[in-house]
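Working notes, structure below.
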Amino acid sequence: MLSQTFQQHLMQPCRPCRAMVPFKPARLVPVAPSLPVRKVVRGSVTCNALESYMVEKLRAAEATFKELQMKMADPEVAANSIEFQKVAKAAADLEETVTTYRAYQDTGKQLSDAQAYLKNEVGDDPEMAEFARAEIAELEVALTQLQDKLRLQLVPKDPLDDRNIMLEIRAGAGGDEASIWAGDMMRMYQRYANRQGWKASLVSCTQGESGGYKEVILEISGSSVYSKLKWEAGVHRVQRVPATEAAGRVHTSTATVAVMPEVEDVDVQINPNEIEVKFARASGAGGQVRWDQPTTPVTLHHSHYLFMYG
4 MLSQTFQQHL MQPCRPCRAM VPFKPARLVP VAPSLPVRKV VRGSVTCNAL
54 ESYMVEKLRA AEATFKELQM KMADPEVAAN SIEFQKVAKA AADLEETVTT
104 YRAYQDTGKQ LSDAQAYLKN EVGDDPEMAE FARAEIAELE VALTQLQDKL
154 RLQLVPKDPL DDRNIMLEIR AGAGGDEASI WAGDMMRMYQ RYANRQGWKA
204 SLVSCTQGES GGYKEVILEI SGSSVYSKLK WEAGVHRVQR VPATEAAGRV
254 HTSTATVAVM PEVEDVDVQI NPNEIEVKFA RASGAGGQVR WDQPTTPVTL
304 HHSHYLFMYG
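For the sequence shown, the residue numbers in this note's numbering are 4 to 313.
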């Protein structure tokens with residue numbers, strides 16, 4: 004930006020300048036100040052407001068959360084353990100979003116009160132005005148952070164994100180070094196699970212000849228296990244000098260990882276009248292049935308599901 008003295012010099016140059024060039028008053032082009040980020044004013048709160056459809060979703064989530072809390076307090080629901088677990092799970096899924104939304108509302112009200120105080124009650128006290136401005140700046144930052152958090156929380160979740168998983172690691176190409184690499188990956192996942200507060204249990208394993216594992220199956224249970232580990236599925240490669248390499252050459256080894264979410268137990272009611280049971284006996288020479296033999300093959304036929312088991 005040009006200083007005031009320099010602007011006056013351009014409009015009325017000094018004698019040496021007029022002697023060098025014919026005097027022509029300089030045409031100053033005003034520079035537009037940098038525009039602030041467009042903000043929406045709601046009430047007396049100035050902030051980057053949430054979209055209307057997001058506010059509607061948040062209000063609906065808060066209303067649903069209140070209904071679920073009332074159901075949990077219902078003696079009939081509390082007496083049914085399966086129904087109570089479903090209601091408690093649904094309430095837990097909404098609790099974080101509702102808590103953030105309520106904090107967003109409280110912060111917006113505090114910001115509105117602080118702006119009204121600065122406008123109407125500060126008067127000529129510079130210290131109180133400075134204190135009010137500092138508080139408004141902090142509240143605006145907090146409100147923006149809560150808005151960003153709410154936008155992320157409203158992203159649709161994978162319904163399997165909260166499931167426990169079965170994690171399978173298999174040694175791929177690379178021989179003994181691949182088995183060692185699979186064992187290293189198993190220990191990495193176990194340590195990561197411990198840091199996350201999860202429980203990692205070894206289900207089965209097949210050890211390699213030179214250390215490590217040819218195959219490992221882990222059961223990992225905890226909060227949001229599948230959401231954090233589902234992208235680990237695939238082929239993992241390592242390039243390094245193996246412990247079994249005498250010449251010091253770099254080898255490439257691989258291991259495959261499969262992440263399978265836990266399947267919920269499903270109760271199936273089967274009517275015994277819909278099942279047909281057939282018994283058979285072994286045949287003798289010439290295809291004749293030997294009635295002295297015990298009944299060995301048994302076939303179950305379900306008429307509704309067309310299911311046969313023999």
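Note that the Cβ used here is the ideal one computed from N, Cα and C, for glycine as well.
At which residues does the beta strand (DSSP E) containing K217 begin and terminate?
Y216 to S224
I think H305 touches E267, with their Cβ atoms under 8 Å apart; what is that distance to the nearest whole Å?
In fact, because the Cβ distance is near 23 Å, the residues do not count as touching under 8 Å.
Spatial neighbours of T209 within its chain, please: CB distance less than 7 Å, with the 5 preceding and 5 following residues excluded, ordered by chain position.
Y216, K217 and E218
With I183 as the anchor, note down where its alpha helix (DSSP H) starts and where it stops.
D179 to Q199
Counting C-beta neighbours from all protein chains within 10 Å, is the total for A283 16 or more, i.e. buried, or is it exposed?
exposed
Run through the stretch 35-119 for me and flag every whole beta strand (DSSP E) of 3 or more residues, listed as ranges in chain order.
43-45 and 48-50
DSSP-derived helix/strand/coil call for E130:
helix
What residues in its chain sit with their C-beta under 7 Å from that of A261, if we drop five residues either side in the sequence?
E171 and A236
DSSP three-state assignment for H304, whether helix, strand or coil
strand
CB-CB length for A258 against G178, believed under 8 Å:
Not confirmed; about 12 Å, so no contact.
Sequence ranges, beta strand (DSSP E) only - wholly within the stretch 233-274, length at least 3
237-243 and 254-264
Along the chain, where does the beta strand (DSSP E) containing V206 start, and where does it finish?
K202 to Q210
Neighbour-count burial assignment, M188, 16 or more Cβ in a 10 Å radius:
buried
Measure the C-alpha to C-alpha separation of K202 and R166 and round it to an integer number of angstroms.
13 Å
How is the beta strand (DSSP E) around E171 delimited, first residue to last?
I168 to A174
For E279, name the three-state secondary structure that DSSP assigns.
strand
Simplified DSSP state of D151, which is helix, strand or coil
helix
Answer yes if the stretch 123-136 comes into contact with the stretch 76-94, meaning at least three C-beta pairs across the two stretches below 8 Å, and no otherwise.
no
For S207 versus I223, is the C-beta spacing smaller than 9 Å?
no
Candidates L121, L61, V80 and Q118: which alpha carbon is nearest A106's?
L61
Quick check: the stretch 130-148 against the stretch 108-122, are there 3 or more CB pairs under 8 Å?
yes
CA-to-CA distance, F134 to E141, given in whole angstroms
11 Å
Helix, strand or coil: how does DSSP classify S213 here?
coil
According to the neighbour-count rule (16 or more other Cβ atoms, all chains shown, within 10 Å of its Cβ), is A117 buried or exposed?
buried
What would DSSP say about A145, mapped onto helix, strand or coil?
helix
Could you tell me the alpha carbon to alpha carbon distance between W184 and I139, rounded to whole angstroms?
54 Å
Does the Cβ of L303 have 16 or more other Cβ atoms within 10 Å, making it buried, or fewer, making it exposed?
exposed
For E79 and K231, what's the separation of their Cα atoms in angstroms?
36 Å
So, are the CB atoms of E248 and H254 less than 9 Å apart?
yes
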